[in-house]
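Per the working numbering, numbering through the first sequence is continuous, rising by one, with the last residue being 1269.
Even glycine gets a Cβ: it sits at the ideal position worked out from N, Cα and C.
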Amino acid sequence: MKLMAQEEKSEATMTSDRPSSDRPNDERYDAQRVEQKWWARWQQDASLYAAEPASGKKKYYVLEMLPYPSGALHMGHVRNYAIGDALARYMWMNGYNVLHPMGWDSFGLPAENAAISNNTPPREWTLHNIANMKAQMKRLGFAYDWSREVTTCLPEYYRWNQWFFLKLYEKGLVYRKKSKVNWCPKCATVLANEQVVNGCCWRHEDTMVEQRELEQWFVRTTQYAEELLRDLDKLQGWPEKVRLMQRNWIGRSEGALVDFQLEGGAGAAGPTISVFTTRVDTIYGATSIQLAPEHPLVGDFTRHNQVLGAEVQRLIAEQRKAKEAGDIGEIEKHGVNTYHYAINPFSGEKIPIWIANYILMDYGTGAIMSVPAHDERDYEFAKKYNLEIRLVIFPISNDPEETMTEPQLPFTAHEGMTINSGPFSGLSSEDAIKKMSAYAEEKGFGKATVTYRLKDWGISRQRYWGTPIPMLYCERDGIVPVPEKDLPVILPENVKVTLAGGSPLGDVPEFVNAKCPRCGGPARRETDTMDTFVDSSWYFYRYTDAHNDRAPFDGKIAQYWFPIDQYIGGVEHAILHLIYSRFWTKFMRDLGMITNDEPAERLFTQGMVIKDGRKMSKNLGNVVSPDEMIARYGADAARLYSLFAAPPDRDLDWQDSGIEGIQRFLARVYRFFVKNPVGAASGTAAGTLQSTAEARAIQRKLHQTIKRVSDDFQGRWHFNTCISAIMELVNVLYGAEEEIARKAVPPAILAEVQRDLILLLAPFAPYMAHELWEMQGEKGSLLRAAWPKYDAELAKEEEIEIPVQVNGKLRSRITVPADSEEFFVLERALADEKVKAAITGKQVVKKIYVPGKLVNLVVK
RNA sequence: GCCAUCGUGGCGGAAUUGGCAGACGCGCAUGGUUCAGGUCCAUGUACCGGCAACGGUGUGGGGGUUCGAGUCCCUUCGAUGGCACCA
């Protein structure tokens, strides 16, 4: 049904494209002809959009997130790049030295999947897609400096990933660890924590992630956890939403580590259980220890106790199931008593050790002290298993008169006073936390500490299409890094790609077998490749010096361009890419390569493009193809519509009838120029106040439009209102057609309006703007033409309409000279017939005049 | 459960600091142009009543602050996104 409807439509449009007989051909705007013409010209000049080298000129680095070369652009790309392109063009017109580059995040799994299903080598498939998407971008008229193009899957680029890896290794920021990792059976590879969504793979939302034990390379992102968190405050140009998401993700939590001795342990050196708590002030209320089922000590308890062992297996299964289902938050709490005991180091009290399914091994120490009186979860658990609930914090009332009453349990507020806490009784919770942490540290059984939710970044992937990790395993020397001079470690071609577990590189003996650089003996190469997020963590630095073959980039050049002035991309990268790249920037700064602390000064996250209220997807059959839109309406229309239909930070619901309206608008603009040829040589009337009313009206509207478009562009990024303001101007011009025809509007004014109209359109609809620019006989480059200047004097209204309210209800409108005094406006308001009728028989108790805005009369 | 954002005509949306709600566009209606369809042009289009002038209602619901609230405050409902036994 859907397809048929579309076909009918497209046929109708095709018919309509035929030139009609009653209208001269040249009045119609033939988008395809005009765009082909300019496209061909732009092809010929590669330096058209090239950034100038570092100079005294004010720089502006505008960057859109680079795409993965999946095959073809989608509407989300068009929207993202239309925003960045409009900004780049606007900044050029405002005299900046603009850097506006583009590249390809071209390593990754889809290339391998394509290799398997189409029997095409990943490299070939990827490069083919890049060529196609690059052609699409050019057809859309995006103004990129292609001389700086970065393709992450080429050795010129990924050798520097390897170089950075060696630097990380030197600095102890990368390490190898055997660990439980997230494994996606469909991808047949490991996923970073950030790539697990609700217990499922980020790419396969229906595939549950498994846990596997593997030797992995980890980047010590936690080393920078504190700074990554702290510097969020500096990022005032980032959306609050993104900063909040990162803050939550880093998940800083202040507390204390406290060691509990196991009962029966051999004195102070015996085994202990370390717990993390944010409420050490409640420790006298701890009535049990709870261990995660996967806690290392659990094995000791179950070794000679099969019944307990079976119970623990059940708890593990329950927890895993809940995690996989993504509702660990709703897990029904179960636990089992080990009948082992631990000693509370503060009170010397002996408390039971339990194992519970709601305790997570990957947070804190995997063990908690359970304080039922002051924690909801512990309370619930204690009620269920009949554990003691002991009140140790009493509420403090701000009102001294109020009688102290037993609090409702559990009492979890931080504002309280310690009771029943031995020598620490009678303190505020805040004081108690400080004093008790200090005491624990002094006695050597604990300390104040900070825990983060953020984990180190596992970057090993058992895949082929990625950057080889430059490490060797020597039988004699163990782990040996590839020497810098031997970089790059080239990713071999002609590799049989399969989705059977294990890295495909393991099957390539020429790759695997190497010589140890230390002893010259046989060594085995690391066969895992790097997570593709490594590629995108620093690519924007490479743009500043894209052909450097001695270093990733030159620090001096980067210093000129960085930080990025405006970064633009989807909010889906709020955590992954934007945390990794912030980390990388800090790491490079500490290497002395750069001086900036953060990669981007301002970040803009645009909304998604949806159709019929749903995400565009092949399954739903609601995908709108950019190629089709360009063929039907032209690139300008596709770009303009994607900016017009919604403010850029909101989701955009694509409607074909909407883009038809834009096509109509563009045709209307063009027709105005054809019907009213003036030419650029008609002299300039800029800055001259016009004498005729018609000329004034047009001049005024023009300057009001310049202001609105400039303000909405710069201050708010509301491109939709920029464009609607331009539409209004065009509507006024059409309304004045008769006056223009009888020359009541001087040609000089008309020329000025036309020239400025082209300039206002230039960032949004470059093809048409260029065509009109040429039609007007303009010689200079439109790209570098100055953005029109707003003149407040010329925009000023002579008369204004003032609404008159009586008790806040609109009763009438009066017209007064714009510079009227208050008394005059009020007098005129009171003299108005409709106002009189509304206030007859009543007393005016208050008269309010908001200058230039309205009058409100309060009557009784 | 917690946090954030957002609720405005038939639809996308506008109203930047509290000051004429519905700009601009889509759609729809009527008329013109046309053999006709499309294109293009003109007019109308929040809702209710009225031929009309005009009157009343109206920004998810309820309450409040104010001369005045889409905008601020409280409360409630709904949608979206993030986090989630995080100790």
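>> If the criterion is Cβ atoms closer than 8 Å, does the pair Gly493 and Glu461 meet it?
In response: As a working mapping, residue 493 is identified with position 84 in the first sequence. As a working mapping, residue 461 is identified with position 52 in the first sequence. Result no, Cβ atoms of Gly493 and Glu461 do not sit closer than 8 Å.
>> Within 8 Å, do at least three Cβ pairs link the segment 1175-1192 to the segment 1226-1235?
In response: no
> At what residue ranges does the segment 598-680 contain a whole run of the alpha helix (DSSP H), taking only runs of 4 or more?
Replying inline: 634-639 and 649-659
>> In this structure, how does DSSP classify Asp944 when only helix, strand and coil are distinguished?
In response: Locating residue 944 in the first sequence gives position 535, counting from the first residue. Reduced to three states, the DSSP call for Asp944 is helix.
>> So within the segment 498-554, which uninterrupted alpha helix (DSSP H) runs reach at least 4 residues, ignoring any that extend past its ends?
In response: Within the segment 498-554, the complete alpha helix (DSSP H) runs of at least 4 residues are 518-527 and 531-548.
> Going by the beta-carbon positions, is the gap between Gln625 and Val898 smaller than 8 Å?
Replying inline: On the first sequence, residue 625 is found 216 positions in, with the first residue counted as 1. On the first sequence, residue 898 is found 489 positions in, with the first residue counted as 1. Result no, Cβ atoms of Gln625 and Val898 do not sit closer than 8 Å.
>> Considering Cα atoms alone, identify which of Glu703, Phe1074 and Glu815 is closest to Tyr772.
In response: For this step, residue 772 is matched to residue 363 along the first sequence. Selected option, being the one with the closest Cα: Glu703.
>> In the DSSP output, which residue or residues are listed as bridge partners for Gly744?
In response: In the first sequence, residue 744 corresponds to position 335, counting from 1. Looking at the DSSP assignment, Gly744 forms a beta bridge with Ala765.
>> So, at 6 Å on beta carbons, what are the nonlocal neighbours of Thr711 in its own chain, with the 5 sequence-adjacent residues on each side left out?
In response: As a first step, residue 711 is located in the first sequence; it is residue number 302 there, counting from the start. Hits under 6 Å: Leu717, Gly718 and Val721.
> Distance, Cα to Cα, Ile1071 vs Lys1110?
Replying inline: Locating residue 1071 in the first sequence gives position 662, where the first residue counts as 1. Locating residue 1110 in the first sequence gives position 701, where the first residue counts as 1. So the alpha carbons of these two residues sit roughly 21 Å apart.
>> Quick check on the DSSP output: the beta strand (DSSP E) that includes Tyr969 runs from which residue to which?
In response: Along the first sequence, read from residue 1 onward, the residue named residue 969 stands at position 560. Note, Tyr969: premise wrong, no beta strand (DSSP E); alpha helix (DSSP H) at Gly964 to Trp970.
> Which of the three DSSP states, helix, strand or coil, is assigned to Glu824?
Replying inline: Position 415 of the first sequence, counted from the start, is the residue given in the question as residue 824. In this structure, Glu824 counts as coil in the three-state DSSP scheme.
>> For a test of the three-state rule: what should DSSP assign to Met474, helix, strand or coil?
In response: As a first step, residue 474 is located in the first sequence; it is residue number 65 there, counting from the start. Looking at Met474 - three-state DSSP - the assignment turns out to be coil, as it is neither helix nor strand.
>> Which residues does DSSP list as the beta-bridge partners of Trp448?
In response: To locate residue 448, count along the first sequence from 1; it is residue 39. Bridge partners of Trp448: none, in fact.
>> Please classify Ser945 as buried or exposed, where buried requires at least 16 other C-beta atoms within 10 Å of its C-beta.
In response: The count along the first sequence starts at 1 and reaches residue 945 at position 536. Classification of Ser945: buried, given that the 10 Å Cβ count is 16 or more.
> Could you give the C-beta distance for Ser952 and Tyr438, rounded to a whole number, given that I count them as a contact under 8 Å?
Replying inline: The residue given as residue 952 occupies position 543 in the first sequence. The residue given as residue 438 occupies position 29 in the first sequence. For the record, residue 952 in the displayed sequence is Tyr; it is not Ser. Rounded, the Cβ-Cβ distance is 36 Å, inconsistent with contact.
> Are the CB atoms of Gly875 and Phe574 nearer to each other than 8 Å?
Replying inline: Against the first sequence, residue 875 aligns to sequence position 466. Against the first sequence, residue 574 aligns to sequence position 165. The criterion of a C-beta distance shorter than 8 Å is not satisfied by Gly875 and Phe574.
>> At the level of alpha carbons, what is the spacing between Pro433 and Gly550?
In response: Counting from one through the first sequence, the residue named residue 433 turns up at place 24. Counting from one through the first sequence, the residue named residue 550 turns up at place 141. With a pLDDT of 41 at Pro433, under the threshold of 50, the modelled position of this residue cannot be trusted; read the value that follows with caution. Near 28 Å, if we compare the C-alpha coordinates of Gly550 and Pro433.
>> Checking the sheet assignment: what are the DSSP bridge partners for Tyr976?
In response: The residue labelled residue 976 in the question sits at position 567 within the first sequence. Answer is Leu472 and Leu1012.
>> I need the DSSP call for Leu914, collapsed to helix, strand or coil.
In response: Along the first sequence, read from residue 1 onward, the residue named residue 914 stands at position 505. Reduced to three states, the DSSP call for Leu914 is helix.
> What are the partner residues of Leu700, as DSSP defines its beta bridges?
Replying inline: Taking the first residue of the first sequence as position 1, residue 700 is located at position 291. Paired residue(s): Ile764 and Ala776.
>> To the nearest angstrom, how far is the alpha carbon of Glu436 from that of Arg442?
In response: As a working mapping, residue 436 is identified with position 27 in the first sequence. As a working mapping, residue 442 is identified with position 33 in the first sequence. Between Glu436 and Arg442, the C-alpha separation is close to 13 Å.
> Should Glu935 be labelled buried (16 or more other beta-carbon atoms within 10 Å of its own) or exposed?
Replying inline: Taking the first sequence and counting its residues from 1, one reaches residue 935 at position 526. Glu935 is buried by the Cβ-count criterion.
> Quick one, which of Arg450, Pro519 and Tyr499 has its alpha-carbon nearest Leu1169's?
Replying inline: Here residue 1169 corresponds to residue number 760 of the first sequence, with the count starting at 1. Answer by Cα proximity: Tyr499.
> Nearest to Trp1285 by CA position, among Trp534, Pro510, Lys589 and Val599, is which residue?
Replying inline: Not covered by the structure: residue 1285. The range shown for the chain is 410 to 1269.
>> Measuring only the C-alpha atoms, how far is Asp642 from Val689?
In response: Along the first sequence, read from residue 1 onward, the residue named residue 642 stands at position 233. Along the first sequence, read from residue 1 onward, the residue named residue 689 stands at position 280. The alpha-carbon separation between Asp642 and Val689 amounts to approximately 29 Å.
> Just to confirm, are Ile539 and Pro478 a CB contact at a threshold of 8 Å?
Replying inline: Taking the first sequence and counting its residues from 1, the one referred to as residue 539 is at position 130. Taking the first sequence and counting its residues from 1, the one referred to as residue 478 is at position 69. The beta carbons of Ile539 and Pro478 sit closer together than 8 Å.
> What did DSSP end up calling His749 once you bin it into helix, strand or coil?
Replying inline: Counted from its first residue, the first sequence places residue 749 at position 340. In this structure, His749 counts as strand in the three-state DSSP scheme.
>> Applying the 10 Å Cβ sphere with the 16-neighbour rule, what's the burial state of Cys609?
In response: Position 200 of the first sequence, counted from the first residue, corresponds to residue 609. Label assigned to Cys609: buried.
>> Using a 10 Å radius around the Cβ and a threshold of 16 neighbouring Cβ atoms, would you call Ser1034 buried or exposed?
In response: As a first step, residue 1034 is located in the first sequence; it is residue number 625 there, counting from the start. For Ser1034, the number of other beta carbons within 10 angstroms of its own is below 16, and it is reported as exposed.
> In terms of DSSP beta bridges, what is Gln1214 paired with?
Replying inline: Looking up residue 1214 in the first sequence gives position 805. In DSSP, Gln1214 forms a bridge with Leu1219 and Asn1265.
> Quick check: the segment 1200-1220 against the segment 1110-1127, are there 3 or more CB pairs under 8 Å?
Replying inline: Yes, the segment 1200-1220 touches the segment 1110-1127.
> Are the beta-carbon atoms belonging to Gln728 and Asn766 less than 8 Å from one another?
Replying inline: Counting from one through the first sequence, the residue named residue 728 turns up at place 319. Counting from one through the first sequence, the residue named residue 766 turns up at place 357. Yes, Cβ-Cβ distance for Gln728 and Asn766 is below 8 Å.
> What are the start and end residues of the alpha helix (DSSP H) that includes Lys589?
Replying inline: Position 180 of the first sequence holds residue 589. Run containing Lys589: none in the alpha helix (DSSP H); it sits in the beta strand (DSSP E), Val583 to Cys593.
>> My output table needs one value for Ser419: the three-state DSSP class, helix, strand or coil.
In response: As a first step, residue 419 is located in the first sequence; it is residue number 10 there, counting from the start. Legend: pLDDT at Ser419 = 33, less than 50; position of this residue unreliable, value from coordinates given subsequently. Reduced to three states, the DSSP call for Ser419 is helix.
> Helix or strand or just coil, what does DSSP make of Thr560?
Replying inline: Within the first sequence, the letter at position 151 stands for residue 560. Judged by DSSP in its simplified three-state form, Thr560 adopts strand.
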